[in-house]
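J.:
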Amino acid sequence: MSDPILTLDGVFTNIAQYHILQGVDLQVPRGQVTMLLGRNGVGKTTTLRSVIGHWRARQGTIRFDGQDITRLPTPAIARAGIGFVPEDMGIFADLTVEENMVLAAASGPIDPGRLEWVFGAFPPLKTFWKSEAGNLSGGQKQMLSIARAMVEERKLYLIDEPTKGLAPAIISTMARALRDLKDQGASILLVEQNFAVAKALGDTANVMDDGRVIWSGPMAQLASDAGLQEQLMGLSLDAH
Amino acid sequence: MTAAPEHAPKMAQAGFAERIGPWMPVLLVPVLCVLGFLAIPNTSSWLTLTVSGLAMGMMIFIMASGLTLVFGLMDVINFGHGAFVSVGAFVGISVLLVLGHMTEAPSLMLNLAALLVAVVGAMIATGAMGYAFEKVIVMPVYGHHLKQILVTMGGLIVVEQLIIVLWGPEEIYINRPEALKGAITFAGAALEKYRLVAVAVGLIVFGAMRYVLRRTKIGLIVRAGVQNGEMVEALGYRLRLVFVGVFIAGSALAGLGGVMWGLYQEVITAHMGNQAMILIFIVVIIGGLGSVEGCFIGALLVGLMQNYVAFLEPKAALISNIGLMVAILMWRPMGMIPVVKAK
Chain A
2 MSDPILTLDG
12 VFTNIAQYHI
22 LQGVDLQVPR
32 GQVTMLLGRN
42 GVGKTTTLRS
52 VIGHWRARQG
62 TIRFDGQDIT
72 RLPTPAIARA
82 GIGFVPEDMG
92 IFADLTVEEN
102 MVLAAASGPI
112 DPGRLEWVFG
122 AFPPLKTFWK
132 SEAGNLSGGQ
142 KQMLSIARAM
152 VEERKLYLID
162 EPTKGLAPAI
172 ISTMARALRD
182 LKDQGASILL
192 VEQNFAVAKA
202 LGDTANVMDD
212 GRVIWSGPMA
222 QLASDAGLQE
232 QLMGLSLDAH
Chain B
56 MTAAPEHAPK
66 MAQAGFAERI
76 GPWMPVLLVP
86 VLCVLGFLAI
96 PNTSSWLTLT
106 VSGLAMGMMI
116 FIMASGLTLV
126 FGLMDVINFG
136 HGAFVSVGAF
146 VGISVLLVLG
156 HMTEAPSLML
166 NLAALLVAVV
176 GAMIATGAMG
186 YAFEKVIVMP
196 VYGHHLKQIL
206 VTMGGLIVVE
216 QLIIVLWGPE
226 EIYINRPEAL
236 KGAITFAGAA
246 LEKYRLVAVA
256 VGLIVFGAMR
266 YVLRRTKIGL
276 IVRAGVQNGE
286 MVEALGYRLR
296 LVFVGVFIAG
306 SALAGLGGVM
316 WGLYQEVITA
326 HMGNQAMILI
336 FIVVIIGGLG
346 SVEGCFIGAL
356 LVGLMQNYVA
366 FLEPKAALIS
376 NIGLMVAILM
386 WRPMGMIPVV
396 KAK
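Written as structure tokens, this is what we have:
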């Protein structure tokens with residue numbers, strides 16, 4: 002693999018007395034969608050939160066675009082070019098959609114062309130531009146959460162379960178938006194439980210278990226090998 | 056994957072009750088005024104008490120606004136906030152005493168100039184003190200509420216004792232600037248000039264805070280930080296710096312409130328900030344922790360309630376605001392305008 006944009010090397014992270022990550026080794030190639038898969042509670046979300054600095058890795062190194070970010074504060078990591086979409090969406094409910102987006106454009110005013118592109122991906126955000134984000138539906142909140150990351154060009158997007166709990170129509174909208182992002186050459190590390198979406202978007206896959214990555218390889222290989230899926234995750238993607 | 060159907064959301068028309076819901080706390084102020092009007096037989100007395108209540112409310116708002124933001128933004132319970140009120144009063148009044156030739160002159164411009172110098176001096180002193188207080192006392196106890204209560208109360212006691220060392224243990228009685236003494240008569244009611252000035256200053260401070268919070272990027276960061284600080288940092292903003300700025304601004308506003316409160320009562324003591332903290336906490340709690348608008352409405356309600364009840368039934372004045380707090384918390388347990396916090 003040539004010059005990955007993100008590399009985790011032997012990362013251990015604790016949350017209170019719990020040892021969640023136990024030596025995660027992971028590489029995210031440039032311009033690709035890297036899937037992070039695995040059962041619930043194996044450390045996928047903790048991996049993303051360790052990268053963005055919300056939880057500190059107590060051991061190991063995290064390198065982003067050639068720079069060691071293991072000990073950097075979260076704002077510095079974000080400003081280095083990482084967009085983060087958390088599992089709980091992290092929207093500011095008392096702020097309008099517009100204010101959420103203005104805030105997400107940390108480096109200056111929103112680029113009108115990019116905003117139109119975001120509206121193209123998520124039309125409801127234009128409809129509810131002046132509405133309080135707390136009044137949006139679950140799907141619209143998820144759109145806003147991803148749109149916030151998209152409103153400025155980032156080198157890497159960390160996206161945690163963007164289709165969780167959403168209706169099929171909204172999932173399709175999400176998948177299209179992520180494909181748009183991918184087509185623009187963005188690098189994405191995506192945690193996703195919806196295997197159809199994972200199969201459609203993923204270039205490479207990393208399967209986690211017990212706080213470490215137990216398998217890495219092409220997504221196509223994992224998607225086509227039911228035996229491998231059974232062995233790694235205890236289920237077959239075809240079942241979904 | 057199948058193509059997504061056209062997503063065409065519509066906003067349903069809200070009913071009257073839903074539309075009026077967010078404005079209910081705002082309506083409480085005129086409702087309380089009307090209740091006061093009905094309970095107080097004399098219109099001129101009611102007008103005098105209303106202006107007095109609004110003035111008192113504005114000053115409490117100025118003192119409390121910083122505290123509510125500090126709590127909302129960083130979850131810090133600062134029992135030492137009253138120290139800034141006391142220090143502001145002592146610094147401001149000391150400046151006014153030095154500028155006695157200006158305050159005693161029968162010139163409104165000279166009086167206001169002296170007052171402005173005193174206020175600026177008090178705000179600079181309390182802002183600098185707030186910076187030191189945050190660095191030395193508050194920063195080591197982030198995330199530990201019990202420690203925050205203990206250590207900030209300790210800080211308050213230390214500051215009170217330092218005031219006694221510097222200015223002495225006695226109360227200091229104050230003469231207001233000449234132009235702010237006395238009252239004007241309106242519709243048969245005597246309206247103290249100073250109270251009218253206090254109402255004007257309170258409105259200016261509230262307007263400025265609202266402008267900053269609603270119309271500027273820094274205000275956006277503060278409002279978002281109150282809801283979900285972790286996400287604000289993930290967007291690239293150094294919330295820690297914003298918090299220090301808010302702490303300094305809140306301390307400076309408490310200093311301004313201290314000067315105004317001192318001139319209102321015409322006496323200052325080292326413990327005046329501590330005594331004001333009861334009202335300040337009531338206002339912050341009933342307003343909704345972290346809400347500036349809630350704090351403003353809460354302060355007006357407390358000021359009006361205190362004045363009306365003191366006139367109608369002086370013995371009940373002491374408990375009237377506690378009763379108000381209980382009633383509001385039974386209606387809205389998170390305060391009148393609660394800030395939606397991230398889970």
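Protein sequence lines, in the order shown, are assigned to chains A and B.
Take any residue in the first sequence, note its place counting from 1, add 1, and you have its number in this note's numbering.
Take any residue in the second sequence, note its place counting from 1, add 55, and you have its number in this note's numbering.
Where a beta carbon is used, it is the ideal one built from N, C-alpha and C, also for glycine.
Could you say which of Ile273(B), Gly147(B), Leu367(B) and Met178(B) lies nearest to leucine 296(B) if we only look at CA atoms?
T.: Measuring from the Cα of leucine 296(B), the nearest candidate turns out to be Ile273(B).
J.: Counting only C-beta atoms, is methionine 56(B) closer than 7 Å to chain A at any point?
T.: Confidence is the limiting factor: at methionine 56(B) the pLDDT is only 41, short of 50, which leaves the residue's position unreliable and the question unanswerable from this model.
J.: Given a cut-off of 7 Å, decide if arginine 177(A) and glutamine 23(A) are closer than it, judged by their beta-carbon atoms.
T.: No, the Cβ-Cβ distance between glutamine 23(A) and arginine 177(A) is not below 7 Å.
J.: What separation, rounded to the nearest whole angstrom, lies between the Cα atoms of isoleucine 147(A) and alanine 197(A)?
T.: Approximately 19 Å, taken between the alpha carbons.
J.: List, in chain order, every chain A residue whose beta-carbon is nearer than 9 Å to that of valine 394(B).
T.: Chain A residues near valine 394(B): Asp95.
J.: Near tryptophan 56(A), which residues of its chain fall below 6 Å by C-beta distance, leaving aside the five closest residues on each side in sequence?
T.: Closer than 6 Å at the Cβ level, and outside the excluded window around tryptophan 56(A), lie Thr14 and Arg50.
J.: Quick check: the Cα distance between isoleucine 115(B) and leucine 334(B), rounded to an integer number of angstroms?
T.: Taking the straight line joining both Cα atoms gives about 7 Å.
J.: The ligand ZN and glutamine 203(B): does any heavy atom of the ligand fall closer than 6 Å to the residue's C-beta?
T.: This structure does not include the ligand ZN; it has no bound ligands of any sort.
J.: Chain B partners of glycine 91(A), CB-CB under 8 Å?
T.: Chain B residues near glycine 91(A): Asn283, Glu285, Met286, Ala289 and Ala397.
J.: Residues in the segment 94 to 123 of chain A with C-beta within 7 Å of chain B's C-beta atoms, listed in sequence order?
T.: If the cut-off is 7 Å between Cβ atoms, the segment 94 to 123 of chain A has Ala94, Asp95, Leu96, Glu100, Val103, Leu104, Ala105 and Ala107 near chain B.
J.: Please give me, in chain order, every unbroken run of the alpha helix (DSSP H) with length at least 4 that falls completely inside the segment 184 to 231 of chain B.
T.: DSSP runs (the alpha helix (DSSP H)) wholly in the segment 184 to 231 of chain B: 200 to 222.
J.: Could you check which residue in Val357(B), Leu384(B) and Gly345(B) has the C-alpha nearest to that of valine 125(B)?
T.: Closest option to valine 125(B), Cα to Cα, is Gly345(B).
J.: Determine, using beta carbons only, whether aspartate 26(A) comes closer than 7 Å to chain B.
T.: No, its Cβ sits nowhere closer than 7 Å to a Cβ of chain B.
J.: Here's the rule: buried if 16 or more other CB atoms are within 10 angstroms of the residue's CB, otherwise exposed. What is alanine 17(A)?
T.: The residue is exposed, with fewer than 16 neighbouring Cβ atoms inside 10 Å.
J.: Can you tell me whether glutamine 28(A) is helix, strand or coil according to DSSP?
T.: Strand.
J.: Count the CB pairs spanning the segment 90 to 110 of chain A and the segment 127 to 138 of chain A that are closer than 8 Å, and state whether there are at least three.
T.: The segment 90 to 110 of chain A is in contact with the segment 127 to 138 of chain A.
J.: For tyrosine 314(B) and alanine 168(B), which I take to be in contact (beta-carbon distance under 8 Å), what is that distance rounded to the nearest angstrom?
T.: Here residue 314(B) is valine; the residue named in the question, tyrosine, does not match the sequence. About 15 Å; that fails the 8 Å criterion.
J.: Let me check understanding here. Comparing Cα to Cα, which of Met208(B), Val89(B) and Val254(B) lies closest to isoleucine 132(B)?
T.: Taking only the C-alpha atoms, the option nearest isoleucine 132(B) is Met208(B).
J.: How would you label alanine 263(B), buried or exposed, when you count the other beta carbons within 10 angstroms and need 16 or more for buried?
T.: Under this definition alanine 263(B) is an exposed residue.
J.: So with CB distances below 8 Å, who are the chain A contacts of isoleucine 276(B)?
T.: What isoleucine 276(B) touches in chain A: Leu104.
J.: Quick check: alanine 244(B) and serine 99(B), are their CB atoms within less than 7 Å of each other?
T.: Contact: yes.
J.: Does any residue of chain A bring its CB to less than 7 Å from the CB of alanine 279(B)?
T.: Yes - at least one Cβ of chain A is within 7 Å of the one on alanine 279(B).
J.: Exposed or buried, which one is aspartate 161(A) when buried takes at least 16 other CB atoms within 10 Å?
T.: Burial call: buried.
J.: Could you list which residues in chain A have their beta carbon closer than 7 Å to that of tyrosine 292(B), in chain order?
T.: Ordered by position in chain A, the residues that pass the 7 Å Cβ test against tyrosine 292(B) are Pro76 and Ala107.
J.: Output the residue ranges of the beta strand (DSSP E) runs that lie fully inside the segment 136 to 209 of chain A and measure 3 residues or longer, sorted by chain position.
T.: Whole beta strand (DSSP E) segments, 3+ residues: 157 to 161 and 188 to 192.
J.: In its own chain, which residues sit with a C-beta less than 7 Å from the C-beta of isoleucine 259(B), not counting the 5 before and 5 after it?
T.: Excluding residues within five positions, none has a Cβ falling inside 7 Å.
J.: For valine 394(B), which three-state DSSP category applies?
T.: Correct three-state label for valine 394(B): coil.
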